[in-house]
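Down below is the structure, laid out as structure tokens.
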Amino acid sequence: MEEPQRQEPQRPNLSRPEEPLDELLAAAEALLFVAGDEGLTVERLGEALGVSRRTVEGILRRLEELYARPGRGLTLVRSGSVYLLATRPELERYLLRLAIGRKAGTLSPSALETLAIIAYRQPITRAEIEEIRGVRSEQAIRTLLEKGLIEERGRLEVAGRPIVYGTTVRFLQQFGLTSLDDLPPLPED
Numbered sequence: 000m001e002e003p004q005r006q007e008p009q010r011p012n013l014s015r016p017e018e019p020l021d022e023l024l025a026a027a028e029a030l031l032f033v034a035g036d037e038g039l040t041v042e043r044l045g046e047a048l049g050v051s052r053r054t055v056e057g058i059l060r061r062l063e064e065l066y067a068r069p070g071r072g073l074t075l076v077r078s079g080s081v082y083l084l085a086t087r088p089e090l091e092r093y094l095l096r097l098a099i100g101r102k103a104g105t106l107s108p109s110a111l112e113t114l115a116i117i118a119y120r121q122p123i124t125r126a127e128i129e130e131i132r133g134v135r136s137e138q139a140i141r142t143l144l145e146k147g148l149i150e151e152r153g154r155l156e157v158a159g160r161p162i163v164y165g166t167t168v169r170f171l172q173q174f175g176l177t178s179l180d181d182l183p184p185l186p187e188d
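With numbering that gives the first Met the number 0 applied, the sequence shown closes on residue 188, and no number is skipped along the way.
Structure below.
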């Protein structure tokens, strides 16, 4: 008895110029979604889609136009040379409910306070955080690093070369922000 031949799933030839733009847009959108917080560069998108840099730039422009329309929940964000999908800032209240219930709710009050200080004062050292809070902050910083909400941004060129911290793209996404400019203003003293 002959064994049935396995057929490879048919994959679209995305490098062909006659490939429908809708399919390339959908593929780019799916790739950006799967890339998550890390996002993708134009070069990496081009490799994955099998198209030129110029074609990818056109696709990204079209995606920006699509996501700029009213009623969309996502937007295309450029962070340096990386593109990623993020939630729209005007939907922040819904996202915060979810984040507070799920993610931020798992943060202690000291971790939340530390995160707020870092978000508004970055880049900032542990000593500067502790000066503002008036208490040690090692555990809160460790928790925030583990959750990917902050990252080490280098070291100050002073005695002891302390580490400076800043927020991550994940922080922005968790709190429904597209940039630090979207943070609410601090109250006047």
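Each residue gets a CB set at the ideal place from its N, CA and C atoms; glycine is no exception.
All values derive from a computational prediction rather than experimental measurement.
Mind checking whether residue 66 and residue 74 have CB atoms under 8 Å apart? Taking 8 Å as the Cβ cut-off, residue 66 and residue 74 qualify as a contacting pair.
Of all the options 121, 111, 92, which has the alpha carbon lying nearest to the alpha carbon of residue 142? For the residues 121, 111, 92, the minimum Cα distance to residue 142 belongs to 111.
Using 8 Å as the threshold, is the C-beta distance between residue 26 and residue 48 below it? Taking 8 Å as the Cβ cut-off, residue 26 and residue 48 qualify as a contacting pair.
Would you mind working out which of 137, 132, 52, 126 sits nearest residue 158, comparing C-alpha positions? Considering only alpha carbons, the answer is 126.
Across which residues does DSSP place residue 73 in a beta bridge pair? Residue pairing by DSSP places residue 73 opposite 86 in a beta bridge.
Sequence-distant residues of the same chain with beta carbon closer than 6 Å to residue 178, five excluded per side: The same chain holds no residue with a CB closer than 6 Å to that of residue 178 once the five nearest residues on each side in sequence are set aside.
Smallest Cα separation from residue 50: which of 62, 116, 20? Among 62, 116, 20, the Cα nearest to that of residue 50 belongs to 20.
What residue does the beta strand (DSSP E) around residue 154 start on, and which one ends it? Start and end: 149 to 154.
I'd like the list of long-range same chain contacts for residue 16, defined as Cβ closer than 7 Å, with 5 residues on each side in sequence excluded. Confidence in residue 16 is poor, its pLDDT being 48 and thus under 50, which makes the residue's placement too unreliable to answer from.
Would you kindly check if the distance between the Cβ of residue 113 and the Cβ of residue 132 is under 8 Å? Yes; because the gap between Cβ atoms is below 8 Å, this pair is in contact.
Which ranges does the beta strand (DSSP E) cover as unbroken runs of at least 3 residues, wholly within the region 105 to 181, from first to last along the chain? 149 to 154, 162 to 166, all fully within the region 105 to 181.
Is DSSP giving residue 39 helix, strand or coil here? In this structure, residue 39 counts as strand in the three-state DSSP scheme.
Below 7 Å CB to CB, which residues in the same chain sit around residue 84 once its five sequence neighbours on both sides are set aside? If we look at residue 84 and ignore the five residues flanking it on each side, its Cβ neighbours are 31, 32, 73, 75.
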